[in-house]
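**Q** This structure is in structure tokens; I'll ask about it shortly.
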Amino acid sequence: MRTPPLLHGTVSTAGPGAVGGAVLAAGLLLAAYGVRAGLRTAAGRAFFLAGVVAAGVSAAAALRAEPPNPSVPQNPVPPTAASMEFGRRLYQVHCAACHGQHGSGDGPAAAALAARPPDLRLHVPMHADGQLFMWVSEGIPGTLMPGFWERLTEEERWHVVNYLRLLALSGR
Ligand code: HEC
223 MRTPPLLHGT VSTAGPGAVG GAVLAAGLLL AAYGVRAGLR TAAGRAFFLA
273 GVVAAGVSAA AALRAEPPNP SVPQNPVPPT AASMEFGRRL YQVHCAACHG
323 QHGSGDGPAA AALAARPPDL RLHVPMHADG QLFMWVSEGI PGTLMPGFWE
373 RLTEEERWHV VNYLRLLALS GR
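Numbering of the sequence shown is given in our numbering, commencing with residue 223 and proceeding in unit increments.
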């Protein structure tokens, strides 16, 4: 049985904005250093120009970047075949009873639920990975959708999210 490679590190919510900010700060520092070193020396001018270019590039990137949404985490697990296969097995064990083998909401337990689970093949494409991850982690308050933060590790929940993308592609 193959297991996907373990991922180290935590879910990072630092988007391109943080990187851009760091480049911008570094650029401004370089430029300031260049001014201090004296704009008439070649080295000073080089530092000043490099700093201005770095600051300009990052400012342009920041303008184009989407505003980062710190409440929705980014998916740190690449959607490889191994990840989706691992997610598929977890889905069969933890989700299929309600959501059904193919996500259409017709699992054996669904009949007993007051509200039938939505068809995941239709609903998954409407949401970002981070949103799906939060529902799988915390559940959906006021509904029968349970949270899996105790039963599945953070990494396992991302594998399930990767599998949900494949499930949604399976059509109807
Ligand atoms: C006890 C039954 C049950 C189990 C087990 C369950 N779910 Fe759910 N799930 C539901 C119900 C009911 C809803 C609809 C909640 C609502 O009314 O908004 C739901 C909603 C969802 C949604 C939101 C769909 C949308 O766009 O509104 C996702 C995603 C989801 N479930 C994924 C999972 C995954 C992945 C698992 C397994 C790790 C799982 N569920 C296990 C019952 C279940």
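Glycine included, every Cβ here is placed at the ideal spot set by N, Cα and C. All figures in this text were calculated on a predicted structure; none of them were measured in a lab.
Distance, Cα to Cα, Pro-289 vs Trp-357?
**A** Unreliable placement is indicated for Pro-289, whose pLDDT of 49 sits below 50; the coordinate value is still reported in the next sentence. Each residue's alpha carbon lies about 22 Å from the other.
**Q** Looking only at its chain, what residues have a beta carbon closer than 8 Å to the beta carbon of Gln-353, apart from the 5 residues adjacent to it on each side?
**A** Once the five neighbours on either side are set aside, the close Cβ partners of Gln-353 are Val-294.
**Q** Just to check my reading of the structure: Leu-335 and Leu-374 have Cβ atoms closer than 8 Å, yes? What is that Cβ distance to the nearest angstrom?
**A** Wrong, their Cβ atoms sit about 21 Å apart, outside the cutoff.
**Q** Report yes if the C-beta of Ala-259 is less than 7 Å from at least one heavy atom of ligand 1; otherwise report no.
**A** Answer for Ala-259: no, Cβ out of range of ligand 1.
**Q** Hey, how far is the Cα of Tyr-385 from the Cα of Pro-368?
**A** Roughly 18 Å separates the two Cα atoms.
**Q** Quick one: residues in its chain with C-beta nearer than 7 Å to the C-beta of Ser-359, no 5 flanking neighbours on either side, listed in chain order?
**A** Excluding residues within five positions, the ones whose Cβ falls inside 7 Å are Gly-369, Phe-370, Trp-371 and Arg-379.
**Q** How is the alpha helix (DSSP H) around Leu-391 delimited, first residue to last?
**A** Start and end: 376–391.
**Q** Any idea what DSSP makes of Ser-293, helix, strand or coil?
**A** Coil at Ser-293, not helix or strand.
**Q** How about His-381 and Ser-326: do their beta carbons lie closer than 8 Å?
**A** Against a cut-off of 8 Å, the Cβ pair of Ser-326 and His-381 comes out as no contact.
**Q** Out of His-349, Val-315 and Leu-344, point me to the one whose CA is closest to Pro-330's CA.
**A** Nearest of His-349, Val-315 and Leu-344 to Pro-330, Cα basis: Val-315.
**Q** Please state whether DSSP places Ser-326 in a helix, a strand or coil.
**A** Reduced to three states, the DSSP call for Ser-326 is coil.
**Q** Skipping 5 residues on each side, what residues in its chain have a beta carbon closer than 8 Å to that of Leu-285?
**A** Because Leu-285 carries a pLDDT of 47, less than 50, the predicted location of this residue cannot be relied on, and no value is offered for it.
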